[in-house]
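A.B. asks: Submitted below is the structure of interest, expressed as structure tokens.
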Amino acid sequence: MVQCLVFTLLWVCAVALHALGSTERVSQTTEPSVSMTAPTAETVTLGPIETQSPDTHTHQSLEEEQEPLPSDPCQDDELDKRVYQRDSDGVMQLVQGEDYKNTCNLADSEQAHCLIYPTNQLNCSWNFHGLPNDSQSYASVFVCKKTERISSVDCVTEAIGGQGAQGGTGKADRVVGHVSAGCQGSVDNSATSVILTFNVSCSDVWGIYTHTYQTNDIDVLCPPPNINPSWVREGVLLVKWGLPSSRLRSKTSCFHYQLQINDQVREFKGGLTYNETNADPTHSHDVKMRVKKSNSCRGSQHWSSWSNTTKVAPFESPNQLNSLVVIGIALGIPMVLLSLLLLIRLQRERLFPHIPGPPLKIKHLLERDDQFQFVPQALQSKFVEEITVVEEAKETPVNLAS
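Just so we're aligned: the sequence shown equals residues -16 to -1, 1 to 386 in mature numbering (1 follows the signal peptide of the UniProt record, and there is no 0).
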């Protein structure tokens, strides 16, 4: 009797555990709502979304495995163009990738663009056409470093009404012409890829449209550096510039240039010089350039911004004298000659000094005929007698006794 009671108790516990496990498995197969994936950008509601009752999920087979919904786009290599469609039991199932064009009656999204400008500014845009009124949509951008997501970029989604639109009031009878998404933000230098994602959900379909871009392919180049135009000879203008910088090391043949001289634009590939053989030598010229990667090389096909304008003065022939030089010669030669003449005159006066003449009055007096003649009288000679007197002196005897 005791054994029967123990067996009955164990059987009841087993049934209870089995029922509890079934409840957990059914809860795991319920439909993931669109709101489970929190958008990183603004969400625009274009119309009401039909929801299914939770009771419809209980009919789902416990053994059936559901395709997992995408989590991190940087780690999912097969995320490109996925469509999840609600089955008869209300569960979102992954459908074939080629059916994504028919999601919510959308046309193929070929108008998606992403560019990284030289200031590391990311700009993405995406346009969809034919979105119905009972749908929701939002866009987001993920910046990845290989399989690691390093940042995300905010997006703004704008719905433009088509036929039957009523001024953007959001009424249920509104017919949406197309939806455009714009995303702007900064990108780190270490980023390797950018993933643009557009989510749209209708009554029974959830579509995920993605475009993956490698940063090397959407990096817009800087204008060519060190632009130096100069005249080679009359009518021939030579333009030189440096190799543009890019994320990938490229040959000179990988660059496609546009050169604008005044109002005329020339296009050519490769090289670091250009000869303009029909330039007017009598006028000045404004020169500027821009560049992009050629189709045969990897890189952005978007033109860079124009460089700063470099002005070239008119051509001057080597035989043509400058006006300042002519004025200098005209004034300089007479001054040099005058200086030489003054110098020669001063040297002549030093070598041959001028003999001074008598004053004018004396000169007139000397030229008169009745001037007095003075004869000097002879001087009488005077003799001077010299008498020499000689006196004889007597010697005094010396007293010997003293």
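Even for Gly, the Cβ is constructed at its ideal location relative to N, Cα and C.
Start and end of the beta strand (DSSP E) containing L106?
C.D. replies: Secondary structure note for L106: its beta strand (DSSP E) is the uninterrupted segment 105 to 113.
A.B. asks: Check for me: the beta strand (DSSP E) holding E333 runs from which residue to which?
C.D. replies: That residue, E333, is in no beta strand (DSSP E); its alpha helix (DSSP H) goes 307 to 335.
A.B. asks: Please determine, among P208, T294, H162, D201, the residue with the shortest C-alpha to C-alpha distance to N117.
C.D. replies: H162
A.B. asks: Going by alpha carbons, who is nearest to V184 out of E333, L350, F112, F299?
C.D. replies: F112
A.B. asks: Relative to the C-alpha of P102, which candidate in P207, T131, L78 has its C-alpha closest?
C.D. replies: P207
A.B. asks: Determine the DSSP secondary structure at T266, reduced to helix, strand or coil.
C.D. replies: coil
A.B. asks: Alpha carbon to alpha carbon, how far is K272 from N262? Give it in angstroms, no decimals.
C.D. replies: 17 Å
A.B. asks: Residue 387 to R274, Cα distance in whole Å?
C.D. replies: Residue 387 cannot be examined here, being either before or after the span of the chain that is shown, -16 to 386.
A.B. asks: The beta strand (DSSP E) spanning M129 covers which residue range?
C.D. replies: Here residue 129 is Lys; the residue named in the question, Met, does not match the sequence. Where K129 is concerned, the enclosing beta strand (DSSP E) stretches over 120 to 129.
A.B. asks: Near T266, which residues of its chain fall below 8 Å by C-beta distance, leaving aside the five closest residues on each side in sequence?
C.D. replies: Residues P298, F299 of the same chain have their beta carbon placed closer than 8 Å to that of T266, with the five preceding and five following residues left out of the count.
A.B. asks: Of the choices D247, S229, Q248, whose alpha-carbon is the least far from that of F239?
C.D. replies: S229
A.B. asks: Taking only beta-carbon positions, decide if V271 is within less than 7 Å of chain D.
C.D. replies: You won't find chain D in this structure, because it holds only one protein chain.
A.B. asks: Tell me the DSSP secondary structure of C186 in three-state form.
C.D. replies: coil
A.B. asks: For the beta strand (DSSP E) containing L350, name the first residue and the last one.
C.D. replies: That residue, L350, is in no beta strand (DSSP E); its alpha helix (DSSP H) goes 344 to 350.
A.B. asks: Which same chain residues, not among the five before or five after K253, have their C-beta less than 8 Å away from its C-beta?
C.D. replies: S237, F239, H240, Y241, S278
A.B. asks: Do you know how far the Cα of S109 is from the Cα of D138?
C.D. replies: 12 Å
A.B. asks: Mapping DSSP to helix, strand and coil, what is Q285?
C.D. replies: coil
A.B. asks: Are the CB atoms of V127 and A96 nearer to each other than 7 Å?
C.D. replies: In this structure, A96 does not lie closer than 7 Å to V127 by Cβ.
A.B. asks: Compute the distance between the beta-carbons of C58 and V125, then report whether it is under 7 Å.
C.D. replies: no
A.B. asks: Please report the Cβ distance between T194 and A123, rounded to the nearest whole angstrom; I am assuming they are in contact, meaning their Cβ atoms lie under 8 Å.
C.D. replies: Actually they are not in contact, since the Cβ atoms of T194 and A123 sit about 10 Å apart, beyond 8 Å.
A.B. asks: Quick check on C206: does DSSP put it in helix, strand or coil?
C.D. replies: coil
A.B. asks: Give the straight-line distance between the Cα atoms of T196 and V178, rounded to the nearest whole angstrom.
C.D. replies: 6 Å
A.B. asks: With a 10 Å radius around its C-beta and 16 neighbouring C-beta atoms as the bar for buried, classify T293 as buried or exposed.
C.D. replies: Flag for T293 reads exposed.
A.B. asks: Quick check on T199: does DSSP put it in helix, strand or coil?
C.D. replies: In the structure shown, T199 sits in a helix (DSSP, three-state: H, G or I).
A.B. asks: Could you spell out the range, first to last residue, of the beta strand (DSSP E) harbouring R133?
C.D. replies: 132 to 137
A.B. asks: So which of I202, G114, S187 has the shortest CA-CA distance to N107?
C.D. replies: I202
A.B. asks: Classify S278 as helix, strand or coil using the three-state DSSP reduction.
C.D. replies: coil
A.B. asks: Measure the CB-CB distance between W287 and K276 and report whether it falls below 7 Å.
C.D. replies: yes
A.B. asks: State the start and end residues of the unbroken beta strand (DSSP E) segment that holds P213.
C.D. replies: 212 to 217
A.B. asks: Throw me the rounded Cβ distance for the L232 and G191 pair, which I believe falls under 8 Å.
C.D. replies: Contact flag wrong, Cβ pair sits at about 34 Å.
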